[in-house]
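Student:
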Amino acid sequence: MASQYGDIYSNWQKNPEEFWHEAAQNVHWFKPYDKVFDADQGVYGRWFTGGETNTCYNAIDRHVEQGRGNQTAIIYDSPVTNQKRKITYAQLLEEVEALAAVMQDHGVVKGDRVLIYMPMIPEAAVSMMACARIGAIHSVVFGGFAAHELATRIDDAAPKMIIAASCGVEPGRVVAYQDMLDKAIEMSRHKVQHCIVLQRPEKAHIPVEGRDIDYKQAVDAARGRHVPCVPVLATDGLYILYTSGTTGEPKGVVRDHGGHMVALTWSVGAVYSIKPGDVFWVASDVGWVVGHSYIIYAPLFIGATTVIYEGKPVGTPDAGAFWRVISEYNVRIMFTAPTALRAIKKEDPEGLLVKKYDLSKLECMFLAGERADPDTVKWAENILNVPVIDHWWQTETGWAIAANPLGLGKMPTKYGSPTVGMPGYDIRVVDDGGHEVKRGELGNVLIKLPLPPGCLVTLWNAEERFRKSYLDEFEGYYKTSDAGYMDEDNYVYIMSRTDDIINVAGHRLSTGAMEEIISGHPDVAECAVVGIADTLKGQVPCGFLVLKANVDRPESVIEAECIERVRSEIGPVASFRLALVIKRLPKTRSGKILRSTIQKIADGEPWRMPGTIDDPAILDEITDALRDRKIGNACQAA
Ligand code: COA
Ligand code: AMP
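Residue 217 in our numbering sits at position 233 of the sequence shown; the count goes up by one each step and never skips.
#1: Using the C-alpha atoms, what's the distance from residue 403 back to residue 228?
#2: Report the residue ranges of all alpha helix (DSSP H) runs contained in full by the segment 169 to 216; include only those spanning at least 4 residues, in chain order.
#3: Quick one: using the 10 Å Cβ neighbour count with 16 as the cut-off for buried, is residue 608 buried or exposed?
#4: What residues in its chain sit with their C-beta under 6 Å from that of residue 374, if we drop five residues either side in the sequence?
#5: Please give the ranges of any beta strand (DSSP E) in the segment 106 to 182, keeping only runs that are unbroken, at least 3 residues long and fully inside the region.
#6: Opposite residue 510 in the DSSP bridges: which residues?
#7: Do residue 246 and residue 314 count as a contact pair if the criterion is CB distance below 8 Å?
#8: Does the beta-carbon of residue 465 have 16 or more other beta-carbons within 10 angstroms, so that it is buried, or is it exposed?
#9: For residue 359, I'd like the list of residues in its chain whose CB is within less than 6 Å of its CB, leaving aside the five on either flank, ordered along the chain.
#10: The alpha helix (DSSP H) spanning residue 38 covers which residue range?
#11: How would you label residue 292, buried or exposed, when you count the other beta carbons within 10 angstroms and need 16 or more for buried?
#12: Nearest-angstrom Cα distance between residue 265 and residue 161?
#13: Hey, how far is the Cα of residue 320 from the Cα of residue 599?
#14: Report yes if the C-beta of residue 374 is less than 7 Å from at least one heavy atom of ligand 2; otherwise report no.
#15: Whole angstroms is fine: what's the gap from residue 88's alpha carbon to residue 144's?
#16: Report yes if the C-beta of residue 273 is less than 7 Å from at least one heavy atom of ligand 3; otherwise report no.
#17: In the DSSP assignment, the alpha helix (DSSP H) including residue 439 goes from what residue to what residue?
#18: Counting only runs that start and end within the segment 265 to 308, where is the alpha helix (DSSP H) found for 4 or more residues in a row?
#19: Given this structure, state the Cα-to-Cα distance separating residue 186 from residue 129, to the nearest angstrom.
#20: Say yes only if the C-beta of residue 402 is nearer than 7 Å to one or more non-hydrogen atoms of ligand 2, and no if none qualify.
#21: Candidates 539, 537, 51, 563: which alpha carbon is nearest residue 547's?
#22: Quick one: what does DSSP say residue 104 is sitting in, helix, strand or coil?
#23: Given that a residue counts as buried once 16 or more other Cβ atoms are within 10 Å of its Cβ, and exposed if not, what is residue -1?
#24: For the alpha helix (DSSP H) containing residue 609, list its first residue and its last residue.
#25: Considering just the uninterrupted stretch of the beta strand (DSSP E) at residue 68, what are its terminal residues?
#26: So, is residue 540 buried or exposed, given that buried needs 16 or more other C-beta atoms within 10 angstroms?
#27: Hey, residue 623 and residue 74: beta-carbon distance below 8 Å or not?
#28: Compare the C-alpha of residue 240 against each of 523, 33, 57, 221 and name the closest.
#29: So which of 489, 521, 516, 531 has the shortest CA-CA distance to residue 504?
#30: Should residue 138 be labelled buried (16 or more other beta-carbon atoms within 10 Å of its own) or exposed?
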């Protein structure tokens, strides 16, 4: 079908409020909103003010009331624990009500924060929904983060309760959550009253007297209790999701109920073409925004079936794992990160494992989380014989800024581009002075305010930081901190970040946070962490360490200690495995570390000697050090 995108985007442009009002008709409201958009509320205005609703009611109850009770809501497939389970909407409702009852019994009320630290298991979805049901604000922390990161989030969100599992299961390794949880609770200033812990057979949790509640026992005892959905304002907070900023302090992105529901209900159909009853599989993690939006919320809002997959693209057991899941559950649309495809391609370059499975139900694959390199996209299209669509978004926006909207009729693909701006997003590319650049020229990518429904409304406890990070630099615009360009057909191209954030295997990480941790090493005088190119993960961090004078311990020992520090403080997900001691860091005369020059040298890219450099000889030293250690592509470029 010819794409309706152009007409729909211009309908939105002509009358944004009418557009979102129409989209909001697919959401159930206990009380209609007074205004679609109120420019006088919030930092840049608020959507659906005065409306009352409940996210859990929209995701579960109304489907049961409308006769979908026996339809599968969640398929759980866990190759790492050898389990498979299907949960219907009616069963999900019963489980959510029971957990909500336990939470209420322990004093959790509307507005309280609840931190969720769980792997990819259905109980993570149940916990999120139980919070939404009673108006509590959840904050899910990714399982690959360690105690220090967890403690930072506990102190910022000040949760009344934590819901956790006893462990996560990574291939070949059980991740003991208790160690992290206990350490984090001990480290944090804020004291959590209760933890509900799901015991998993792979690792027992030893309950802390007076603090811990056994998930299964408590939920089983509460089964059958009815907990009504608490009406909340459309503008009340649904969740806080922490994401990397440029410092060690993560940013708590706050999302509200009303706008979130409207945006996700609209986008799951328009972007992904998902209809009620479809099987939608998003192979990400509940700890990331992709997991929040499209593993949990959007498929349930629309009455579809979602797959919760606790496994990897490779090694669980092989590079055919994704194709097995698609065929076993008749997945219609799948979504993953380019890095997962690169991992599969490395092990099965010819795509031979695809042939073992019936993928006839698969219609399209979506990619996001990092730039999708054209080679990987073409490789996937070739072996799968379906369109592979790159789309671009951020934790902050919660849904696609630019996409090829399958549900509106696919537009022609331009490899390397996540296609065009979605309704709600007026994308501009400007130079550092805020002037729009010519088509094809690289610049800062901005979104004209107001942001559409579903985007962040503020940062938790940090409205000033919200303004400073995103709104102050270019007045009237939201700064994405991505650099890119737009072509004559309005296709956008997102090339890199403009800040110190790097993207490692689709995970967003702060080099600043790693630098803070390494600087805490007693022998390190100063350091710089840069993201260098990696064929599998896109980028990996590499630390350059300058030691204090008179340190006489072996450099290799200090390097290993720094690697261990980052792993134990941020977590294994940082993939911090490269550290090298150098004599000095290259700086400008004003003292700014020349990180991007180091990165270009490491990647073997052409670079120019910065005019302001303090001491040019340092760059040769770095090139030699990288070459000697065979790090990055510095040797190829030489
Ligand atoms: N809990 C605990 N540890 C975790 C974890 C979790 N949820 N997720 C990852 N880790 C650990 C891994 O076990 C690994 O530990 P190790 O250093 O002991 O080996 C480390 O963190 C790095 O993980 P990762 O970067 O994922 O690398 P990997 O080599 O284990 O796997 C891929 C590589 C490509 C298979 C994997 O990164 C992947 O599937 N990526 C897809 C990413 C994605 O879905 N992103 C979401 C955005 S859409
Ligand atoms: P996160 O908040 O973890 O989703 O990371 C968001 C960042 O990932 C964006 O600001 C981009 O830098 C990058 N990103 C996500 N999707 C894409 C994409 N399709 N193309 C290019 N970069 C992307």
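Here a beta-carbon is modelled for each residue, glycine too, at the ideal position from N, C-alpha and C.
In this text, all values refer to a predicted model and were calculated from it rather than measured experimentally.
Tutor: On the basis of the data shown:
#1: Position 244 of the sequence shown holds residue 228. Position 419 of the sequence shown holds residue 403. The alpha-carbon atoms of residue 228 and residue 403 are separated by roughly 26 Å.
#2: The alpha helix (DSSP H) runs lying completely inside the segment 169 to 216 and spanning 4 residues or more are 199 to 206, given in chain order.
#3: What you label residue 608 is simply residue 624 of the sequence shown in a count that begins at 1. It counts as exposed.
#4: Sequence index remark: in the sequence shown, residue 374 carries index 390 (1-based). In its chain, beyond the 5 residues on either side, 351, 356, 402 have a beta carbon closer than 6 Å to the beta carbon of residue 374.
#5: As far as the segment 106 to 182 is concerned, its whole beta strand (DSSP E) runs of at least 3 residues are 121 to 124, 145 to 149, 151 to 154, 157 to 160, 178 to 182.
#6: The residue you call residue 510 lines up with position 526 of the sequence shown. Residue 510 is bridged to 530.
#7: Position 330 of the sequence shown holds residue 314. Position 262 of the sequence shown holds residue 246. The criterion of a C-beta distance shorter than 8 Å is not satisfied by residue 314 and residue 246.
#8: Here the question's residue 465 lines up with position 481 in the sequence shown. That one is buried.
#9: If you number the sequence shown from 1, residue 359 lands on position 375. Contacts found: none.
#10: Position 54 of the sequence shown, counted from the start, is the residue given in the question as residue 38. Premise fails: residue 38 is in no alpha helix (DSSP H) and is neither H nor E.
#11: Reading the sequence shown from its first residue, position 308 is the one you call residue 292. Buried, because 16 or more other Cβ atoms sit within 10 Å of the Cβ of residue 292.
#12: If you number the sequence shown from 1, residue 265 lands on position 281. If you number the sequence shown from 1, residue 161 lands on position 177. So the two alpha carbons sit approximately 26 Å from each other.
#13: What you label residue 320 is simply residue 336 of the sequence shown in a count that begins at 1. What you label residue 599 is simply residue 615 of the sequence shown in a count that begins at 1. About 44 Å.
#14: The count along the sequence shown starts at 1 and reaches residue 374 at position 390. Within the chosen limit of 7 Å, ligand 2 reaches the beta carbon of residue 374 through at least one heavy atom.
#15: To locate residue 88, count along the sequence shown from 1; it is residue 104. To locate residue 144, count along the sequence shown from 1; it is residue 160. Each residue's alpha carbon lies about 11 Å from the other.
#16: As for ligand 3, it is missing from this structure, which binds only ligand 1 and ligand 2.
#17: Working through the sequence shown from its first residue, we reach residue 439 at position 455. Looking at the DSSP string, residue 439 is not in any alpha helix (DSSP H), and its letter there is neither H nor E.
#18: The qualifying runs are 282 to 286.
#19: Translated into the one-based positions of the sequence shown, residue 186 becomes position 202. Translated into the one-based positions of the sequence shown, residue 129 becomes position 145. Distance between the alpha carbons of residue 186 and residue 129 is about 19 Å.
#20: For the purposes of this step, residue 402 is taken as the residue at position 418 of the sequence shown. For residue 402, the distance from the CB to the nearest heavy atom of ligand 2 is below 7 Å.
#21: Position 563 of the sequence shown holds residue 547. From the listed residues 539, 537, 51, 563, the smallest Cα separation to residue 547 is found for 563.
#22: Reading the sequence shown from its first residue, position 120 is the one you call residue 104. Residue 104 sits in coil when the DSSP states are folded into three classes, being neither helix nor strand.
#23: Within the sequence shown, numbered from 1, the residue matching residue -1 stands at position 15. Its Cβ having fewer than 16 others within 10 Å, residue -1 is exposed.
#24: Reading the sequence shown from its first residue, position 625 is the one you call residue 609. That run of the alpha helix (DSSP H) goes 601 to 612.
#25: The count along the sequence shown starts at 1 and reaches residue 68 at position 84. Following the DSSP letters along the chain, one finds residue 68 inside the beta strand (DSSP E) bounded by residues 67 to 72.
#26: Numbered from its first residue, the sequence shown carries residue 540 at position 556. Counting C-beta atoms within 10 angstroms of its own C-beta, residue 540 has fewer than 16 neighbours from the protein chains shown and is therefore classed as exposed.
#27: This structure does not reach residue 623, given that the chain is present from -15 up to 622, and the question cannot be answered.
#28: Locating residue 240 in the sequence shown gives position 256, where the first residue counts as 1. In terms of Cα proximity to residue 240, the closest of 523, 33, 57, 221 is 221.
#29: For the purposes of this step, residue 504 is taken as residue 520 along the sequence shown, with counting starting at 1. Considering only 489, 521, 516, 531, the residue with the shortest C-alpha distance to residue 504 is 531.
#30: Along the sequence shown, read from residue 1 onward, the residue named residue 138 stands at position 154. Its Cβ being crowded by 16 or more others within 10 Å, residue 138 is buried.
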